[in-house]
Amino acid sequence: MTDKREAGAKPRLFVFTGPDGSGRKTIADMTGSTLELKKALSYTTREPRPGEREGQDYHFIDQESFLQAKANGEFVEAVFTEGHHYGIKQSDIEKLWSEHRFVYVILNPEGARMLKQAYGDRVIRLFLYADRESLWRRQVDRGDGVEAVESRMSLYSAAMSHLPECEHSFENVDLSHTVFSITNVIERYLNRQLLNLD
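Have a look at this one:
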């Protein structure tokens, strides 16, 4: 049930970002579930990875549909990486904001920057990272091919260069500790919005 004071709070979009393998998806979904945040899904032209489901992890669409939506100006952010398109629709964000106020999304650092440019202080970026070797191992252990992992890891330094510009950063060494830390940070934003409204 929504608190009456919350209904007038500034919408917030919490963007979980960082290099591939940093745990951004797992941590985002655990944190989002704990705090009852609503998730905005990216659209992508790539095939689902093992365990991914339509409408839960992404909206999987064909390239023609993606490019048509992009030409129509539907995406507030869109990137092309590793041979695939990814994007977030402006209408999805604004619909979730109107219904729930507090929303989260999982994006690479380039996409996170685009959302920050579009929505300013309504966007709070949470940058997750670990050392290169740990990220390589995590991706291999989850079943990603070595060639695909090496391709992603070639982007590691570029992804890490975004860390200083993000509002918060967390080294993900221990999953439960990281989730706890991020939950506390987000709760401060939610509480501040409630307390500032009389």
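Numbered by our numbering, the letters in the sequence shown go through residues 2 to 199 in order.
We put the CB at the ideal spot given by N, CA and C, even for glycine.
The structure displayed is predicted, hence computed values, not measured ones.
*Between the C-alpha atoms of Y59 and K40, what's the straight-line distance to the nearest angstrom?*
Whole-angstrom Cα-Cα distance: 10 Å.
*With DSSP run on the structure shown, which of helix, strand or coil describes G88?*
The answer is strand: DSSP assigns G88 an E or B state.
*In chain order, which alpha helix (DSSP H) runs of at least 4 residues are fully inside the segment 138 to 169?*
Counting whole runs of 4 or more residues, the segment 138 to 169 contains the alpha helix (DSSP H) stretches 147 to 154, 157 to 161.
_If contacts are defined as beta-carbon pairs under 8 Å, then E148 and L116 qualify, I think. What distance do you get, rounded to the angstrom?_
Not a contact, Cβ separation roughly 30 Å.
*Which word fits D21, buried or exposed, when buried means at least 16 other C-beta atoms lie within 10 angstroms of its C-beta?*
Buried, by the Cβ-count rule.
*Could you please give the first and the last residue of the uninterrupted alpha helix (DSSP H) stretch that includes L68?*
Note, L68: alpha helix (DSSP H), 64 to 72.
*What separation, rounded to the nearest whole angstrom, lies between the Cα atoms of A72 and Y44?*
So the two alpha carbons sit approximately 14 Å from each other.
*asked:* With DSSP as the reference, identify every bridge partner of V106, one or two as the case may be.
replied: Answer is V16, bridged to V106.
*Taking the C-alpha atoms as reference points, what is the distance between E166 and Q69?*
Rounded to whole angstroms, E166 to Q69 spans 32 Å at the Cα level.
_For L176, three-class secondary structure by DSSP_ = Helix.
*Give the range of the beta strand (DSSP E) segment to which A29 is assigned.*
Following the DSSP letters along the chain, one finds A29 in no beta strand (DSSP E) but inside the alpha helix (DSSP H) bounded by residues 25 to 36.
*Report yes or no: do three or more beta-carbon pairs, one from the segment 88 to 99 and one from the segment 124 to 143, lie closer than 8 Å?*
The answer is no - the segment 124 to 143 does not touch the segment 88 to 99, with fewer than three Cβ pairs under 8 Å.
*Drop a sphere of 10 angstroms on the beta-carbon of P110, count the other beta-carbons inside from all chains shown, and report buried for 16 or more, exposed for fewer.*
With 16 or more Cβ atoms within 10 Å of its Cβ, P110 is classed as buried.
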